[in-house]
Amino acid sequence: MSSITPVILVGGSGKRLWPLSRESMPKQFVPLLGTQSTFQQTLQRVADRGLFARPVVATNEAYRFMAEQQAKDIGMEIDILVEPSRRDSGPAMAAAAAYARSQGAKAVLALASDHLVIGAEEFRAACREGLLAVERGGIVTFGIPPTEPKTDYGYIRPSSEQIGTVQKVAAFVEKPNAQTALRYIAEGLLWNSGNFLFPPDLLLSEMARFEPAMAAAAEEAVAKAKKTGSTVFLDADAFAKAPAKSIDYAVMERTDKCWVVPAKFRWSDLGTWDALLDVGEADSAGNVTEGPVEIDHVRNSYVRSDGPLTAVIGVEEVVVVAMNDAVLVGHRDNLPRLKDVVQRMSDGKHRAATEHAVMHRPWGSYQDIDRGERFRAKRLSVNPKGKLSLQSHKRRAEHWVVVRGVAEVTLDGKIMTLHENESIYIPMGGIHRLANPGSEPLEVVEVQTGDYLEEDDIIRYEDIYARV
1 MSSITPVILV GGSGKRLWPL SRESMPKQFV PLLGTQSTFQ QTLQRVADRG
51 LFARPVVATN EAYRFMAEQQ AKDIGMEIDI LVEPSRRDSG PAMAAAAAYA
101 RSQGAKAVLA LASDHLVIGA EEFRAACREG LLAVERGGIV TFGIPPTEPK
151 TDYGYIRPSS EQIGTVQKVA AFVEKPNAQT ALRYIAEGLL WNSGNFLFPP
201 DLLLSEMARF EPAMAAAAEE AVAKAKKTGS TVFLDADAFA KAPAKSIDYA
251 VMERTDKCWV VPAKFRWSDL GTWDALLDVG EADSAGNVTE GPVEIDHVRN
301 SYVRSDGPLT AVIGVEEVVV VAMNDAVLVG HRDNLPRLKD VVQRMSDGKH
351 RAATEHAVMH RPWGSYQDID RGERFRAKRL SVNPKGKLSL QSHKRRAEHW
401 VVVRGVAEVT LDGKIMTLHE NESIYIPMGG IHRLANPGSE PLEVVEVQTG
451 DYLEEDDIIR YEDIYARV
């Protein structure tokens, strides 16, 4: 078991980190700290091929292209396991275990893609320690020695039974109140990081013991999966049979085969803006700032701008996050209410509640410049060799202006090449495609006109990304 197959779980919308994290671009793909996303940082922690096999990324259709592109950006090769529906972490891990087993894996490391780990070597050492219990038929989790009485983490109570440094889990306990958290720390309990190392056969047999329908659905979904290149599409009908339940409730809190490694690396699930304040580099007044901000008489606050110059004066214990299309201002004590506020905004059809100003697509991205009655202006950025689908629109026409690079345009069977400052009109109903044949990004300004300008007015005829 010297080689561990990492499975990176990529899902969830991260509403508690709105407006930086949204449904269209969740926190695992956003550079929260530094220039890389936590997804990329997670991939790099398992890049040592002496210890880890090629990673498997378990995600959904909406995020698979972002995962693929971000892995490519850091030179990592991955396999992608596409979940056809969201069924929580239990079915996702079961399917990942069944797939890894089919590829000959003897040990699987299931990692969240949105956690912060400081100490890559300590992380790898913890994985090696965990293998001792895995080789003896154990499921291993990583417990974090608490630094404060956190009430938003679950805890692990270790027993006195040990294999090396690995301790048998006596119990998993739910998120406590502040007083109970203090007692847990005094009693030597650990934070539950929610990351696991296990033999795939054992996880599946324990799941069959406690959740037989979930195990059967996951194994059937893998058996009937279809593969295109390095992407595996789980069978939708089979996967839908799996009860939606977290891996903790499905297996970990019920099995008697769980062990814990007391980790020496620093860890955070980065679940709230307060977590960014905890792990960031604070000034002498306890403030953490990111981007173009100016503060005066501010204490113990997190202030971030990913766009406009932002000034904050004379406040304490607040979070201010400014983006081009949305702003958050809140007292730290009230941040647990943010998820409900985002849900209300989403229910009210506020676009910025779920969509970023920059929307990512497999071919690149687009950003709204302006929109009004019967018109919408976008800036398209097409990756080198990227190609939009061959498509038409029933209710809008488009006008493309090339502002950078070279565009290959297909319109009603005719192929044309456009250079900077050249343009073309796409009439309503015209069958068209935009492509970038070059080695540099292509940027195009698109002006849409019509009585309906939403993204679902697309009829696709061909698509190299299999979205037809």
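Residue numbers for the sequence shown, in UniProt numbering: 1 to 468. We put the CB at the ideal spot given by N, CA and C, even for glycine. Bear in mind that the values here come from a model prediction, so they are computed numbers and not experimental data.
1) Quick check on PRO6: does DSSP put it in helix, strand or coil?
2) Once the 5 residues before and after LYS378 are set aside, which same chain residues still bring their CB inside 7 Å of it?
3) Can you grab the Cα-Cα spacing for the pair ALA208 / GLN179, in whole Å?
4) What did DSSP end up calling residue 471 once you bin it into helix, strand or coil?
5) Between PRO212 and ARG101, which are expected to be in contact by the criterion C-beta below 8 Å, what is the C-beta distance as a whole number of angstroms?
6) Counting C-beta neighbours from all protein chains within 10 Å, is the total for ASN192 16 or more, i.e. buried, or is it exposed?
7) Whose C-beta lies closer than 7 Å to the C-beta of ALA250 among residues of the same chain, with five residues either side of it excluded?
8) Could you pull out every residue in the same chain whose Cβ sits closer than 7 Å to the Cβ of SER113, ignoring the five residues on either side in sequence?
9) Any C-beta of chain B sitting closer than 8 Å to the C-beta of GLN448?
10) Name the one or two DSSP bridge partners that TRP267 has.
11) Tell me the DSSP secondary structure of ARG16 in three-state form.
12) Between ALA466, GLY413, ASN383 and SER389, which has its C-alpha nearest ALA443's C-alpha?
13) Where LYS168 and ALA126 are concerned, what is the direct C-alpha to C-alpha distance, given to the nearest angstrom?
14) Rounded to whole angstroms, what's the CA-CA distance from GLY291 to LYS349? Just pull it up for me.
15) To which residues of the same chain is GLU129 closer than 8 Å at the C-beta, ignoring the five residues directly before and after it?
16) Got a sec, what are the start and stop residues for the beta strand (DSSP E) PRO158 sits in?
17) Which residues does DSSP list as the beta-bridge partners of VAL275?
18) Please state whether DSSP places LEU309 in a helix, a strand or coil.
19) Is the beta carbon of ALA107 closer than 8 Å to that of ARG45?
20) Just curious, the alpha helix (DSSP H) that THR38 is in, first and last residue?
21) On the criterion of 16 or more Cβ atoms from any shown chain inside 10 Å, does PHE375 qualify as buried, or is it exposed?
22) Taking the alpha helix (DSSP H) that TYR99 falls in, what are its first and last residues?
23) Out of PRO26, ASN60, ILE247 and LEU33, which has the shortest C-alpha to C-alpha gap to ALA97?
24) Rounding to the nearest angstrom, what Cα-Cα distance links LYS380 and GLN391 in this structure?
25) Assign VAL298 to one of three DSSP states: helix, strand, or coil.
26) Using a Cβ-Cβ cutoff of less than 7 Å, which residues in the same chain neighbour ILE144 once the five nearest sequence positions on both sides are dropped?
27) Give me whichever residues DSSP pairs with ILE191 in a beta bridge.
28) With 16 as the cutoff for other CB atoms within 10 Å, does SER21 come out buried or exposed?
29) Quick one: complete beta strand (DSSP E) runs, 3+ long, within the region 378 to 442?
30) Is VAL251 helix, strand or coil by DSSP?
31) If you drop the 5 nearest sequence neighbours on each side, which residues of the same chain put their C-beta closer than 8 Å to that of MET428?
32) How about ARG332 and GLU317: do their beta carbons lie closer than 8 Å?
33) Let's see if you can read the secondary structure: which residues bound the alpha helix (DSSP H) around MET345?
34) Relative to the C-alpha of TYR99, which residue among PRO158, LYS226, GLU23 and ARG16 is closest?
35) Measuring alpha carbon to alpha carbon, tell me which residue in GLY430, SER301 and GLU294 is nearest PRO308.
36) If the criterion is Cβ atoms closer than 8 Å, does the pair VAL140 and TRP18 meet it?
Based on what the coordinates show:
1) strand
2) TYR366, GLN367, ASP368, ILE369 and GLU446
3) Roughly 37 Å separates the two Cα atoms.
4) The structure shown does not extend to residue 471, since the chain spans only 1 to 468, so no value can be given for it.
5) No, PRO212 and ARG101 are not in contact; Cβ-Cβ is about 17 Å, not under 8 Å.
6) ASN192 is buried by the Cβ-count criterion.
7) Within the same chain, ALA250 has close Cβ partners GLY90, MET207, PHE210, GLU211 and MET214.
8) ILE8, LEU9, VAL10, GLN28, THR38, PHE39 and THR42
9) In the structure shown, chain B cannot be found, because there is only a single protein chain.
10) VAL117
11) helix
12) Position check: residue 443 holds Glu in this sequence, whereas Ala was assumed. Measuring from the Cα of GLU443, the nearest candidate turns out to be ASN383.
13) 15 Å
14) 29 Å
15) The residues are GLY164, THR165, VAL166 and VAL261.
16) 155 to 163
17) The question names Val, yet the displayed sequence has Ala at residue 275. Answer by DSSP bridge pairing: none, since ALA275 is not bridged.
18) coil
19) no
20) 38 to 45
21) exposed
22) 89 to 102
23) ILE247
24) Sequence inspection shows Leu at residue 380; the Lys mentioned does not correspond to that position. Straight-line Cα distance between these residues: approximately 16 Å.
25) coil
26) LEU190, TRP191, SER193, ALA263 and TRP267
27) Ile is not the amino acid found at residue 191; the sequence shown has Trp there. Bridge partners of TRP191: ILE144 and TYR155.
28) buried
29) Runs of the beta strand (DSSP E) lying entirely within the region 378 to 442, each at least 3 residues long, are 390 to 392, 396 to 404, 407 to 411, 414 to 418, 423 to 426 and 432 to 435 in chain order.
30) helix
31) HIS393, LYS394, ARG395, ARG396, ALA397 and GLY450
32) Going by C-beta atoms, ARG332 is nearer than 8 Å to GLU317.
33) Its alpha helix (DSSP H) spans residues 338 to 347.
34) LYS226
35) GLU294
36) no
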